[in-house]
Amino acid sequence: MSDASIRVVLCDDHALFRRGAALVIGAEPDLEVVGEAESGEGVLDLVRESSPDVVLMDVRMGGMDGIEATTRIVAEFGEAAPKIIVLTTFDLDEAVARSVAAGASGFVLKATDPSLLVGAIRTVHAGNQLFAANATAELIAKYHGASVGDGRARGGARRGAAADRAPGARHEPPPAWETLSEREREIFVLAARGLSNAEIGEVAYVSAGTVKTHISHILHKLGLRDRIQLVVYGYEHGLLPPRTG
Numbered sequence: 001m002s003d004a005s006i007r008v009v010l011c012d013d014h015a016l017f018r019r020g021a022a023l024v025i026g027a028e029p030d031l032e033v034v035g036e037a038e039s040g041e042g043v044l045d046l047v048r049e050s051s052p053d054v055v056l057m058d059v060r061m062g063g064m065d066g067i068e069a070t071t072r073i074v075a076e077f078g079e080a081a082p083k084i085i086v087l088t089t090f091d092l093d094e095a096v097a098r099s100v101a102a103g104a105s106g107f108v109l110k111a112t113d114p115s116l117l118v119g120a121i122r123t124v125h126a127g128n129q130l131f132a133a134n135a136t137a138e139l140i141a142k143y144h145g146a147s148v149g150d151g152r153a154r155g156g157a158r159r160g161a162a163a164d165r166a167p168g169a170r171h172e173p174p175p176a177w178e179t180l181s182e183r184e185r186e187i188f189v190l191a192a193r194g195l196s197n198a199e200i201g202e203v204a205y206v207s208a209g210t211v212k213t214h215i216s217h218i219l220h221k222l223g224l225r226d227r228i229q230l231v232v233y234g235y236e237h238g239l240l241p242p243r244t245g
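Using the UniProt record's numbering, the letters of the sequence shown map in sequence onto residues 1 to 245.
Below is the structure:
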């Protein structure tokens with residue numbers, strides 16, 4: 001393997017799945033499996049020892065599950081944390097949403113085609129997420145008990161912490177929100193509702209490149225890691241007004 005290989009750690013409590021995934025990944029010239037773990041506790045040690053670029057994380061395991069392991073990895077390593085792809089048997093379920101809120105970069109189904117699995121690894125390593133924009137909004141809205149565009153979070157909180165909120169309750173905007181310009185707030189709401197950069201550009205009459213720059217500034221000002229956390233932030237703080245039509 002070359003020094004430029006993408007270093008991957010596998011974490012799943014099924015040895016057969018790990019073996020199959022390792023064979024698929026190992027056959028790619030730009031990918032390298034640098035460790036395997038069967039538990040959340042084990043993957044924490046592996047991340048510290050092997051400094052992977054990407055972790056494939058089973059969301060449901062005995063002992064420490066993938067949600068808690070993701071939370072701890074992100075908390076310990078911060079911006080230097082590896083990209084985490086959640087492995088799940090079910091599409092868009094609550095456990096996946098909680099993992100994404102904890103800092104995972106996306107998810108793949110365990111039954112996915114091998115070519116899609118290796119493509120997913122390359123995608124998150126490049127700094128992208130494994131969601132179409134509308135799927136991001138749907139996923140987080142489902143976790144927070146709200147319809148996309150509802151503007152209320154009836155339960156849940158960023159990074160998996162629980163927070164009960166009464167439906168229709170008014171929220172004081174967080175101080176960081178006040179640092180955003182009117183244009184940035186407009187783009188925040190459109191992005192949180194799942195629109196792509198191109199779609200936001202059409203609504204706001206600016207180029208997709210300008211939208212991308214605005215979103216980068218928004219994430220920096222609010223201390224968010226990516227657009228997925230932007231969606232969580234919007235629902236959590238009641239910043240998304242109801243749709244008018």
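Where a beta carbon is used, it is the ideal one built from N, C-alpha and C, also for glycine.
Residue i, enclosing alpha helix (DSSP H) - first and last residue
i	result
residue 306	Residue 306 is absent from the model: the chain starts at 1 and stops at 245.
G35	That residue, G35, is in no alpha helix (DSSP H); its beta strand (DSSP E) goes 31 to 37.
V118	114 to 125
G223	Where G223 is concerned, there is no enclosing alpha helix (DSSP H), given that its DSSP letter is neither H nor E.
E50	According to the sequence shown, residue 50 is Ser rather than Glu. Unbroken alpha helix (DSSP H) run through S50: 40 to 50.
V203	197 to 204
A192	182 to 192
E68	66 to 77
G234	227 to 236
Presumed contact (8 Å Cβ cut-off) between residue i and residue j, rounded CB distance
i	j	result
G35	S50	5 Å
L240	L230	Not confirmed; about 11 Å, so no contact.
V108	L116	7 Å
Identity of the residue in the options nearest residue i by Cα
i	options	result
P80	A111, G63, G127	Sequence inspection shows Ala at residue 80; the Pro mentioned does not correspond to that position. Closest option to A80, Cα to Cα, is G127.
A104	E38, G234, D58, H214	D58
D65	L16, H214, Y233, D12	D12
I85	V9, G62, G78	V9
P29	A15, S5, F17	S5
T88	I25, F17, G63	F17
First and last residue of the uninterrupted beta strand (DSSP E) at residue i
i	result
T88	83 to 88
G20	From DSSP, G20 is part of no beta strand (DSSP E) but of the alpha helix (DSSP H) over 15 to 26.
Beta-carbon spacing of residue i, residue j below 9 Å
i	j	result
V203	L195	yes
V54	P82	yes
E184	H217	yes
A69	E41	yes
L56	A21	yes
K212	A176	no
L31	V118	yes
residue 265	Y233	The chain is shown only over 1 to 245; residue 265 falls outside these bounds and no answer can be derived.
R72	L44	yes
I215	A198	no
Q129	I228	yes
Beta-bridge pairing of residue i - partner residues as DSSP gives them
i	result
M57	C11, V86
L109	T88
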